[in-house]
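In my numbering, the protein residues as written are 1425 to 1743.
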Amino acid sequence: EIAREGGGIKRTVRQTREMKPKHLAEKCIFRLDRMLETGTTTIEAKSGYGLDLDTEIKQLEVLNDLKGLHPIDIVPTFMGAHEIPVEYQGKNREYLDFLLEKVLPVVKERKLAEFVDIFCEEGYFSYEDAEYYLDKAAAMGFKIKLHADEFSSNNAALLAVKKKAVSAEHLIAMTEEEIARISASDTACIFLPGVSFFLRLGKYAPARQVIEKNGIVALGTDFNPGSSMISSQLFIFYLGIFQLGMTIEEAFNAVTINAAYAINRQHEVGSIALGKKMDILLLDIPDFSYLAYHIGIDPINTVFKAGRPFMDGLEFDFG
């Protein structure tokens, strides 16, 4: 209803189109600083709030520029197929062709994004739209992701499996068949419980069922202004335990190594191993289980990003 009335994504699109790159970068840096303070060291960040050539490229340019300006590693994803812009209402396929013919070639040539994502949902893009778009994006050399089954099921999770997507996100409304199929695949399920919490949906993704079928479960914030204004991955960790029914160990894996897998960075980050970046949190807690026991405190003493120590978001020298 919000989308139909011109709010939600459409409202943010209007604001983003008007914003200067410098202002957009400043907002990003402020939010990245907050994420670093709460222990996040690597993020995936998506475009999708421009829905035209100039603004989609502007978003990706800012994200790529920030790679050299902020300690957090940024993995950009092109999500121009986030919504149908006003100028293309009722012309979904024409809009997708615009992205494929005018925008994605620029993204590819300039190496602005590694992944392509699409919102496959009633009122947005259909299963057929998503398959058409992802096939062509994959042929251009992009890795595939999919926003699937957030509010209703249209077999989008099955499409993610069929296209060998790196990940599928949301997945709240998956059917039993979708749960079984995606759990048996190499596609990571990125559950975003902050959306259910923020929108008070009263329903969370079926994490327990996927875990019990040996599926790959990751957790993310889905930090965005409309449905999850939550930048703390630690808070998402809590939701994974208390709302999705995950154990502490399962939730911990979901925000570390499995989250790294979901953005194709498992060989660089996500665990402590020889050859990986030294991304480590020092926590002021008596033992590991206390992390999910004393809720609301800030347990983080020091964040190490690639071996560099940060306290309260600021780098310091142990010497």
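Backbone N, C-alpha and C fix where the C-beta goes; we use that ideal spot for every residue, glycine too.
None of these values were measured; they are calculated from a predicted model.
Item	Value
Contact set for Tyr-1556: own chain, Cβ-Cβ below 8 Å, skip 5 residues either direction	Arg-1517, Leu-1520
Bridge partner(s) assigned by DSSP for Arg-1458	According to DSSP, Arg-1458 bridges with nothing at all.
Burial state of Ala-1563 (16 or more Cβ within 10 Å)	exposed
Coarse secondary structure for Pro-1733, derived from DSSP in three states	strand
Span of the alpha helix (DSSP H), counted from its first residue to its last, around Pro-1500	Looking at the DSSP string, Pro-1500 is not in any alpha helix (DSSP H); the run it does join, the beta strand (DSSP E), is 1497 to 1505.
Paired residues, beta bridge with Leu-1705 - DSSP	Val-1727
Environment of Gly-1731 [buried if 16+ CB atoms lie within 10 Å]	exposed
Top-ranked residue by Cα proximity to Thr-1479, from Met-1459, Thr-1466, Val-1530	Val-1530
Close Cβ partners of Ile-1635 (< 8 Å) along its chain, the five nearest in sequence each way excluded	Val-1641, Met-1670, Glu-1674
Own chain, CB closer than 7 Å to Asp-1457, minus 5 neighbours either side, in chain order	Gly-1737
Closest residue to Phe-1659 among Pro-1617, Tyr-1628, Gln-1633 (Cα-Cα distance)	Pro-1617
Where Leu-1647 falls: helix, strand or coil (DSSP)	In the sequence under discussion, the amino acid at residue 1647 is Phe, which differs from the Leu named in the question. Note: Phe-1647 maps to coil in three-state DSSP.
Whole beta strand (DSSP E) elements within the region 1517 to 1605, 3-residue minimum	1539 to 1544, 1567 to 1572, 1591 to 1594
Selected residue, minimal CA-CA separation from Ala-1612, among Ala-1589, Leu-1536, Lys-1627, Ala-1597	Ala-1589
Which residues DSSP lists as bridging Thr-1440, in chain order	Paired residue(s): none; Thr-1440 is not in a bridge.
Contact check, Gln-1483 vs Gly-1492, beta carbons under 8 Å	no
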